[in-house]
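To start, the structure itself, in structure tokens.
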Amino acid sequence: MQQKFYYLFMKKCPELKYFDMMSIKHQIFYIPEAMVRLESLCELRCDTIIDSSYFYGLSQFCKYIQRLLIVSMNPKPNHGIIKLIEVQKKLKHFEWVDNFDDDYTDYDYDPYEELLLALEKKAESLNYLKIVFFYLCNYEHTLFQDMLPKFDKLKVLIIDDYISFDEKQLEKLKLHELEVLNIERNKINVISSIIENSGRRLKKVLFDPNNIKYEPFNFNEGSLINFIRKIYENCPLIEYLSIAFSPSEEHFVELEKLLKICKNLKSLLLIIIFDNEEDTYEDYLKNGKELLKMLIRSSPNNFKEIRFCYKFKFSSEILKEFLEKWNGRHAITLFTTENLGENYIYKELTNKYKRDGVIKDFKYLPYVDLTEYITEICF
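In the numbering used here, the protein residues as written are 1 to 379.
Here it is, written out as structure tokens:
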């Protein structure tokens, strides 16, 4: 039945632009009309458990794919996929996401080498690159770092998991076209260095602060301040930003500078990662009060969303004062990890300002879901 469906599809479909062939089991390129249909293919989604012969067959006809999205089900190289990448003439968008079990992590060779070398040849055309490599014992993916400077046409760079960078080598990285930067599980100074060497076109700088929160060797208070400074010194067009934050006076001063300088800022995710174990509930109220007052004083006209994560608390009086002063600006969306919705006073307060058009949305998040936030902002 499936074979018959593919046959009818290839025969009747005048043009094929998008094809999701995850776990396909039929050699569709043997269908007489396949060559004509597949020549027009612009986007392909597939996985690595598909036999290499399928990709060798596709590579005969599909040479103008612009968007290629691959889910790796195990780290063993799929030579057919490598061939398909090599024959592309207009590849602009590439995604590789590992999705396999820990059982595959012990290899005596680098399973990504052929993939990276094939991608390197497409550096001139690629403007979107997403790489999610799983952890492999004894490999630090240094080849990717060595070749990344060649991808100077990138507008979107998303790197998640276990790709380490040498900060000195980052001086060679000049991504002057870059607009979206999302790097996870790395030192905050790595992100700062890439920002500093960008072309001042960055609109979205996103990372999950939890990825460094539990790895204190990756940052210190000075590196967090440096990160904020690199943003307002090098990102005049920034619209979406996540920040790891310490509730010190110096951090509040630097954050306010950022709000005043970055006039295009629309959304801010803020999470406290340095705090004093002796801090009290009153200290958290003080953090929230200071932040809300700062937003009223200094946030740009386009600002419309903030996500408060941990160690920020708000009395109903302070929140009401903030919302009263916010009236007349863009309706604001508020996300907080503090469950205010169960409190009758807060519920009535937020509902009132929703009706008045001051609040667009108000949500309680039991935890910081950066995956959803980053996906929502990047795509």
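Where a beta carbon is used, it is the ideal one built from N, C-alpha and C, also for glycine. Quick caveat, the model's predicted, so the values are computed rather than measured.
Which value, in whole angstroms, describes the spacing of the CA atoms of V253 and C62? 54 Å
Top-ranked residue by Cα proximity to L292, from N301, F312, D283: F312
Between which two residues does the beta strand (DSSP E) holding H79 run? Where H79 is concerned, there is no enclosing beta strand (DSSP E), although the alpha helix (DSSP H) it sits in stretches over 79-86.
Mind reading off the beta-carbon distance from L178 to L154? Whole number of angstroms is fine, and I expect it under 8 Å. 6 Å
Report the residue from S315, P300, C309, K320 whose alpha carbon sits nearest the alpha carbon of H330. P300
Unbroken beta strand (DSSP E) run spanning E39, endpoints: Neither: E39 is in no beta strand (DSSP E) and is coded neither H nor E.
How is the beta strand (DSSP E) around I306 delimited, first residue to last? 305-309
Which residues bound the beta strand (DSSP E) around E95? 93-98
Measure the alpha-carbon distance for C42 versus L170 and round it to whole angstroms. 33 Å
Looking at R37 and M10, is the spacing between their C-beta atoms short of 9 Å? Result yes, Cβ atoms of M10 and R37 sit closer than 9 Å.
Can you name the start and end residues of the alpha helix (DSSP H) that Y7 belongs to? If you look at Y7, you'll find it in the alpha helix (DSSP H) that goes 2-12.
Would you grab the beta carbon distance between N381 and N302 for me? Rounded to a whole angstrom, and I think it's under 8 Å. The requested residue 381 is not part of the displayed model; the chain covers only 1 to 379.
Beta-carbon contacts of T48 that lie in its chain and below 8 Å, excluding the five residues immediately before and after: I70, V71, S72, M73, N74, K76, N78, I81
I need the DSSP call for T350, collapsed to helix, strand or coil. helix
How big is the Cα-Cα spacing for P362 and L334? Looking at the sequence itself, residue 362 is Phe, so the reference to Pro does not match. Between F362 and L334, the alpha-carbon positions lie close to 5 Å from each other.
In the DSSP assignment, find the beta strand (DSSP E) that holds K20 and state where it starts and stops. Rather than Lys, the amino acid found at residue 20 in this sequence is Asp. Per DSSP, D20 belongs to the beta strand (DSSP E) from 18-20.
So what's P216 in DSSP terms, helix, strand or just coil? With a pLDDT of only 48 at P216, under 50, the local geometry of the prediction cannot be trusted, and the value read off the model is given with reservation. In the three-state reduction of the DSSP assignment, P216 falls in the helix class, which pools H, G and I.
Starting from D146, trace the beta strand (DSSP E) in both directions and tell me its first and last residue. D146 -> not in any beta strand (DSSP E); alpha helix (DSSP H) instead, spanning 142-147.
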